[in-house]
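Asker:
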Ligand SMILES: O=C(O)CCC(=O)C(=O)O
Ligand SMILES: [Fe+2]
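In our numbering, the protein residues as written are 1 to 256.
Right under this line is the structure:
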């Protein structure tokens, strides 16, 4: 077993360095996001948070979230295919593939401490592939994780936006108990790096204290159909409105 798989099993995450293929797609995706931005702000600049903020107020984010073709190029890239194969995913299907653009001024979009599987369900190997489109760090914004937390069970949750959806409907469930941050880690990575997150790893959006260039990322999630326990439970995922609150039969599956 090579290093990254060992890390994924032991610590619940792994960092795969950027391939030339992904870097090339990321460059074109960034250009596309700029070009769409220019429909909203004529001199749109990707590093100016004020531009993204103003564009978002006029609907920019809704347009870019799942639309750019380059998103699907990432999902179907050789790099991702090889990685899925190496991770032992036998029958991969896309659960979701979307862009985020985060600016600290829109802190309501900050996703607090959570475990993805509770909101999204899916197979035990439905990892999240988190791909920054720019540098991520403590000063640029990133993801904060608790290494090893994926093997500490399922945490109690509440809805992040109770006015939008209650617990049984929400796909944004956050942990309601206190989280010890002592052993947390802020991911540092270059554009095109693939950060693989175990579905039970505790993590959250990390926004720096000071203003920062918009943090652009791609979130790809790939489910596994060749899994008898997932199949027996009806292949439930958030795509069809399921989460762990309305589908508690998934609890015994995740606990095994
Ligand atoms: O990208 C982020 O800030 C957090 C997103 C996330 O954790 C998720 O959508 O599951
Ligand atoms: Fe997440």
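Glycine residues also receive a C-beta, built at the ideal position from the N, C-alpha and C atoms.
Beta strand (DSSP E) containing residue 159: first to last residue?
Answerer: Here residue 159 corresponds to residue number 159 of the chain shown, with the count starting at 1. Per DSSP, residue 159 belongs to the beta strand (DSSP E) from 157-159.
Asker: Which stretch, first to last residue, makes up the beta strand (DSSP E) that contains residue 102?
Answerer: Sequence index remark: in the chain shown, residue 102 carries index 102 (1-based). That run of the beta strand (DSSP E) goes 92-102.
Asker: With hydrogens ignored, establish whether the beta-carbon of residue 203 is closer than 8 Å to any heavy atom of ligand 1.
Answerer: In the chain shown, counting from the first residue as 1, residue 203 sits at position 203. The answer is yes for residue 203.
Asker: What residue ranges within the region 112-199 form continuous alpha helix (DSSP H) runs of no fewer than 4 residues, ordered along the chain?
Answerer: List check, alpha helix (DSSP H) in window: 116-120.
Asker: Three or more C-beta pairs under 8 Å: does that hold for the region 194-211 against the region 8-23?
Answerer: Segments in contact, yes.
Asker: Going by the C-beta, is residue 128 closer than 8 Å to any heavy atom of ligand 3?
Answerer: This structure does not include ligand 3; its bound ligands are ligand 1 and ligand 2.
Asker: Taking 8 Å as the cut-off, is the C-beta of residue 197 nearer than that to any heavy atom in ligand 2?
Answerer: Residue 197 sits at position 197 when you count from the first residue of the chain shown. Answer for residue 197: yes, Cβ within range of ligand 2.
Asker: For a test of your reading of the model: does the CB of residue 95 fall under 8 Å from any non-hydrogen atom of ligand 2? Yes or no.
Answerer: Taking the first residue of the chain shown as 1, we reach residue 95 at position 95. It does not: the Cβ of residue 95 is nowhere closer than 8 Å to a heavy atom of ligand 2.
Asker: Compare the Cα-Cα distances from residue 140 to each of 250, 48, 4, 34 and report the closest residue.
Answerer: Taking the first residue of the chain shown as position 1, residue 140 is located at position 140. The candidate whose alpha carbon is nearest that of residue 140 is 48.
Asker: So, using beta-carbon positions, are residue 153 and residue 255 closer together than 9 Å?
Answerer: For the purposes of this step, residue 153 is taken as the residue at position 153 of the chain shown. For the purposes of this step, residue 255 is taken as the residue at position 255 of the chain shown. A contact, by the Cβ cut-off of 9 Å.
Asker: Inspect the CB distances between the region 113-131 and the region 196-214 and report whether three or more fall short of 8 Å.
Answerer: Touching, yes.
Asker: With contact counted as at least three CB pairs below 8 Å, one residue from each stretch, are the region 211-219 and the region 37-53 in contact?
Answerer: As far as the Cβ criterion goes, the region 211-219 touches the region 37-53, which means the pair count is three or higher.
Asker: Buried or exposed for residue 228, going by 16 or more other Cβ atoms inside 10 Å?
Answerer: If you number the chain shown from 1, residue 228 lands on position 228. Exposed: under 16 other Cβ atoms inside 10 Å.
Asker: Just the C-alpha distance for residue 1 and residue 86, rounded to the nearest angstrom, thanks.
Answerer: As a position in the chain shown, residue 1 is number 1, starting the count at 1. As a position in the chain shown, residue 86 is number 86, starting the count at 1. Since pLDDT at residue 1 reaches only 48, below the 50 mark, its modelled position is unreliable, and no value is offered.
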